[in-house]
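Enquirer: Start counting the sequence shown at 10; every next residue gets the next number (this note's numbering). For each residue, glycine too, the CB sits at the ideal point set by N, CA and C.
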Amino acid sequence: MTDDDGSGSDDKQQSMTPRGFPASLLAEFIGTAIVTLGTVGPAVIARGLGFHLGYAVETGTTGLATMVIIYSFRNVSGAHTNPCTTLAFALRKDFHWARVPGYIAVQFLGAIAAGALMLAIFQAPRTALLPEMSLGIWPAFWLEIVLTTVLIIVALSTANAARFIGPEAAIANGATTVVDRWIGGHISSGSMNPARTLGPAIVAGGFGAWWVYVVAPLIGMLVAVALVSAMWRAPDGAGAQQQGGGAS
Numbered sequence: 010m011t012d013d014d015g016s017g018s019d020d021k022q023q024s025m026t027p028r029g030f031p032a033s034l035l036a037e038f039i040g041t042a043i044v045t046l047g048t049v050g051p052a053v054i055a056r057g058l059g060f061h062l063g064y065a066v067e068t069g070t071t072g073l074a075t076m077v078i079i080y081s082f083r084n085v086s087g088a089h090t091n092p093c094t095t096l097a098f099a100l101r102k103d104f105h106w107a108r109v110p111g112y113i114a115v116q117f118l119g120a121i122a123a124g125a126l127m128l129a130i131f132q133a134p135r136t137a138l139l140p141e142m143s144l145g146i147w148p149a150f151w152l153e154i155v156l157t158t159v160l161i162i163v164a165l166s167t168a169n170a171a172r173f174i175g176p177e178a179a180i181a182n183g184a185t186t187v188v189d190r191w192i193g194g195h196i197s198s199g200s201m202n203p204a205r206t207l208g209p210a211i212v213a214g215g216f217g218a219w220w221v222y223v224v225a226p227l228i229g230m231l232v233a234v235a236l237v238s239a240m241w242r243a244p245d246g247a248g249a250q251q252q253g254g255g256a257s
């Protein structure tokens with residue numbers, strides 16, 4: 010049952026107490042796996058079953074998965090599901106650096122698990138797990154910087170103490186992911202997330218341009234942190250004392 014004002018869901022989440030850091034790691038593993046399924050799933054289905062879902066669906070599923078994960082796990086782990094998001098919160102002193110390695114490790118593990126699961130179910134060729142770079146390496150590189158900058162700006166602007174705030178954050182970050190994926194889908198696959206791209210690529214056996222999906226998103230993340238820091242002043246004593254950690 011929900012209250013008349015529609016706040017029942019938030020009240021229920023607030024009444025449920027997360028089980029500490031191990032629960033945060035589990036949430037990041039599950040969340041990143043689901044976001045990765047939403048990203049590589051359409052391509053694997055198309056290659057494995059010969060059933061093309063269409064570009065709108067292929068780009069939209071990642072955004073919908075992002076929204077679902079933020080709704081579900083924002084009060085457990087912060088719903089980062091992206092090493093760039095985790096690092097951005099840490100750089101802004103919203104998130105303990107000691108927790109960063111664990112978060113990034115389970116994010117990659119979740120993405121690897123998702124890639125392996127999709128191959129096992131749909132029997133697609135391993136190349137279906139690799140990102141599309143139709144214009145070559147350098148257009149993909151520069152576009153990934155731009156797209157990641159936009160995504161992390163939205164993530165930092167809709168979060169407090171490394172956690173997304175309310176349903177509006179899920180909508181904002183999900184919509185940003187859809188737009189970024191729509192723009193970058195054929196040029197760089199609109200990754201913005203090293204784990205989401207490299208996890209499935211590891212399952213596929215790797216590819217030569219892997220560095221694009223590490224260096225470019227990290228540059229975009231640093232640009233975003235600098236821009237947000239120039240616009241907003243963090244409150245005194247905020248951030249690093251918080252436990253939790255939110256974008257695709």
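Is the number of C-beta pairs between the region 229-244 and the region 97-110 that are closer than 8 Å three or more?
Expert: yes
Enquirer: Would you say the region 83-94 touches the region 111-122, given that touching needs at least three Cβ pairs under 8 Å?
Expert: Yes, since at least three Cβ pairs between the region 83-94 and the region 111-122 fall closer than 8 Å, the two stretches touch.
Enquirer: I believe Ala122 touches Ser197 by the beta-carbon criterion, under 8 Å. Please report the beta-carbon distance rounded to the nearest angstrom.
Expert: At roughly 23 Å, the Cβ-Cβ gap does not stay under 8 Å, so Ala122 and Ser197 are not in contact.
Enquirer: Quick check on Ala133: does DSSP put it in helix, strand or coil?
Expert: Three-state DSSP puts Ala133 in coil, outside helix and strand.
Enquirer: Quick one: is Ala65 buried, meaning 16 or more other Cβ sit within 10 Å of its Cβ, or exposed?
Expert: exposed
Enquirer: Can you say whether Glu37 is buried or exposed, counting buried as having 16 or more other CB atoms within 10 angstroms of its CB?
Expert: buried
Enquirer: Could you tell me the distance, in whole angstroms, from the CA atom of Gly72 to the CA atom of Gly208?
Expert: 19 Å
Enquirer: Let's see if you can read the secondary structure: which residues bound the alpha helix (DSSP H) around Thr206?
Expert: Its alpha helix (DSSP H) spans residues 203-213.
Enquirer: Tell me which residues share the same chain as Ile211 and place their Cβ nearer than 6 Å to its Cβ, disregarding the 5 neighbours each side in the sequence.
Expert: Ile121
Enquirer: Check whether the Cβ atoms of Ile79 and Ala184 lie closer than 9 Å to each other.
Expert: no
Enquirer: Closest to Thr68 by C-alpha separation, out of Trp151, Val77, Pro51, would be which residue?
Expert: Pro51
Enquirer: Throw me the rounded Cβ distance for the Val221 and Asp189 pair, which I believe falls under 8 Å.
Expert: The beta-carbon separation of Val221 and Asp189, rounded to 15 Å, does not stay under the 8 Å limit for a contact.
Enquirer: Just how far apart, CA to CA, sit Ala125 and Arg242?
Expert: 43 Å
Enquirer: Comparing alpha-carbon positions, which option in Asn202, Val44, Ala164, Phe104 lies nearest Val223?
Expert: Asn202
Enquirer: Where are the alpha helix (DSSP H) runs, 4 residues long or more, that stay fully inside the region 110-195, in chain order?
Expert: 146-166, 175-193
Enquirer: Buried or exposed for Met240, please, with buried defined as at least 16 other CB atoms from any protein chain shown within 10 angstroms of its CB.
Expert: exposed
Enquirer: Would you call Ser143 buried or exposed, if buried means 16 or more other Cβ atoms sit within 10 Å of its Cβ?
Expert: exposed
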